[in-house]
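To start, the structure under review is shown below, and the notes come after it.
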Amino acid sequence: MQQSFVANRRFFDDGNFPRGFTRSGRFTLAEGNMLEKHGVAMQELEQGSRAPVNDEEKRFISVCKGEQPATTAFEKIWLKYKQRLAEKRKFHTVFGKKRIADGSEDFSYVETDSD
């Protein structure tokens, strides 16, 4: 029986994860390593450019098509990767939309009597 998800090169998605999978903060270290090591094989199986070599890879294709629920680590991490691609990243900033033209501070101090 042949080993599943063997790839001859590492998988990177610099367009969506320019700092890598683990540094993106969206995958654990183990998940990121699994994607890097086996992602090429998983992508080729999903796209149909690679034929499955065993039942595990056949089931993976079925899961990718939505015919079966994900149960193995390979299936779960690939679906998580696909879900992260579909999500829109929110960008948070501490600056407001309006800019202050004169450069003055937009707050003031009020003295109160403490009698």
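Number 114 marks the last residue of the sequence shown (numbering that gives the first Met the number 0); no jumps.
Note that CB positions come from ideal geometry on N, CA and C, so glycine has one too.
Just so you know, these numbers come straight off a predicted model, no measurement behind them.
| said: Since L34 and F10 should fall inside the 8 Å C-beta cutoff, what is the C-beta to C-beta distance between them, to a whole number of angstroms? | reply: 6 Å
Span separating the alpha-carbon of E45 from that of D54:
15 Å
Which residue spans inside the stretch 35–64 form an unbroken alpha helix (DSSP H) run of at least 4?
54–63
- Query: Taking buried to mean at least 16 other C-beta atoms within 10 Å of its own C-beta, is G47 buried or exposed?
  - Reply: exposed
Could you give the C-beta distance for A6 and H37, rounded to a whole number, given that I count them as a contact under 8 Å? 6 Å
Check your understanding: Three-state secondary structure (DSSP) at N7?
Key -> coil
Going along the chain, which residues of its own chain have a beta-carbon closer than 7 Å to the beta-carbon of L84, five neighbours each way excluded?
-> N15
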